[in-house]
Amino acid sequence: MHCVLAISTDSVVLVEEQSRDLVFVAPAKSVLGWATSTNSLRLYHHQGEVTRIHMREGGGGDRDELMEVVVRLRAATPGSPAQELTLKRNGLGQLGFHVQPDGLVTEVEHMGLAYQEGLKQGCRLVEICKVAVSTLSHDQMVDLLKTSSLVTVTVIPALSDGTPRRYADLKMANLEYHQVQNCAISLQDVMLVEVSTVCTPTPNTEEH
Numbered sequence: 001m002h003c004v005l006a007i008s009t010d011s012v013v014l015v016e017e018q019s020r021d022l023v024f025v026a027p028a029k030s031v032l033g034w035a036t037s038t039n040s041l042r043l044y045h046h047q048g049e050v051t052r053i054h055m056r057e058g059g060g061g062d063r064d065e066l067m068e069v070v071v072r073l074r075a076a077t078p079g080s081p082a083q084e085l086t087l088k089r090n091g092l093g094q095l096g097f098h099v100q101p102d103g104l105v106t107e108v109e110h111m112g113l114a115y116q117e118g119l120k121q122g123c124r125l126v127e128i129c130k131v132a133v134s135t136l137s138h139d140q141m142v143d144l145l146k147t148s149s150l151v152t153v154t155v156i157p158a159l160s161d162g163t164p165r166r167y168a169d170l171k172m173a174n175l176e177y178h179q180v181q182n183c184a185i186s187l188q189d190v191m192l193v194e195v196s197t198v199c200t201p202t203p204n205t206e207e208h
């Protein structure tokens, strides 16, 4: 799906190029973070849902356009670049941290293997073994963490004071969604980028 991406301090919006239909909208303050690859970006928002955005090939300066998107996200949202970590197990087969069903890390064994890899209390797991946490049930998350021979996680770091990045008020999120749908976005406040996007809108522990 070919879209136009608009980012402002109010909202992040994707509009389908031909039909002009609104296909995605989220308040800017709901953005948790993002992860980039060669010419694409995974945007994590709300409760950890992920929207995948691919820069259109042949558009000229794909990587430069991707970096412009990142610069705008840094300036307009409270989100942070995600970290990709590979976690090892201790002699007991444990990873050494506690995590809630929504991916929030509540405790990390001090100087344990996960701690040494960079996992900290207050961060949020948004992907486990390349699977979005928001698409997993509690049992599926536990199964991935306990049985995967190689555990890779994508992590959104906490704020500088250790507070988890979250957008907790779902009622307000729904209200803001409708407000953004009905508002006019000033072209002076946004950056427009042609993208090819795949959206994954999904709703949404013990020691591992």
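For the sequence shown, counting from 1, position 144 maps to 144 in full-length UniProt numbering; every step adds exactly one.
Glycine included, C-beta positions come from ideal geometry on N, C-alpha and C.
Note that the structure is predicted; figures quoted are calculated from it, not measured.
Burial state of residue i, where buried means 16 or more other Cβ atoms lie within 10 Å
i, result
"Ser-11", "buried"
"Glu-57", "exposed"
"Arg-42", "buried"
"Val-133", "buried"
"Glu-84", "exposed"
"Ser-37", "exposed"
"Cys-183", "With a pLDDT of 44 at Cys-183, under the threshold of 50, the modelled position of that residue is not reliable, and the figure given next carries that caveat. The residue is exposed, with fewer than 16 neighbouring Cβ atoms inside 10 Å."
Limits of the unbroken alpha helix (DSSP H) element including residue i
i, result
"Val-15", "Careful: Val-15 lies outside any alpha helix (DSSP H), inside the beta strand (DSSP E) at 11 to 16."
The ligand NAD heavy atom lying under 7 Å from the CB of residue i
i, result
"Gln-18", "Absence of the ligand NAD from the depicted structure is noted, as is the absence of any ligand whatsoever, leaving it without description."
Cβ distance (whole Å) where residue i is taken to contact residue j below 8 Å
i, j, result
"His-45", "Val-31", "5 Å"
"Ile-7", "Ala-76", "5 Å"
"Lys-29", "Pro-78", "6 Å"
Boundaries (first-last residue) of the beta strand (DSSP E) holding residue i
i, result
"Leu-113", "Looking at the DSSP string, Leu-113 is not in any beta strand (DSSP E); the run it does join, the alpha helix (DSSP H), is 113 to 117."
"Cys-3", "2 to 7"
Legend entry - Contact the stretch 67 to 76 vs the stretch 95 to 103: 3+ CB pairs below 8 Å: no
Legend entry - Contact the stretch 117 to 131 vs the stretch 153 to 166: 3+ CB pairs below 8 Å: yes
Inset, instruction - Mind listing, in chain order, the continuous alpha helix (DSSP H) runs of no fewer than 4 residues lying wholly within the stretch 50 to 107? - result: 62 to 76
Legend entry - Those runs of the beta strand (DSSP E) which lie wholly inside the stretch 129 to 167 and span at least 3 residues: 151 to 156
Legend entry - Contact between the stretch 13 to 32 and the stretch 106 to 116 (3+ Cβ pairs under 8 Å): no
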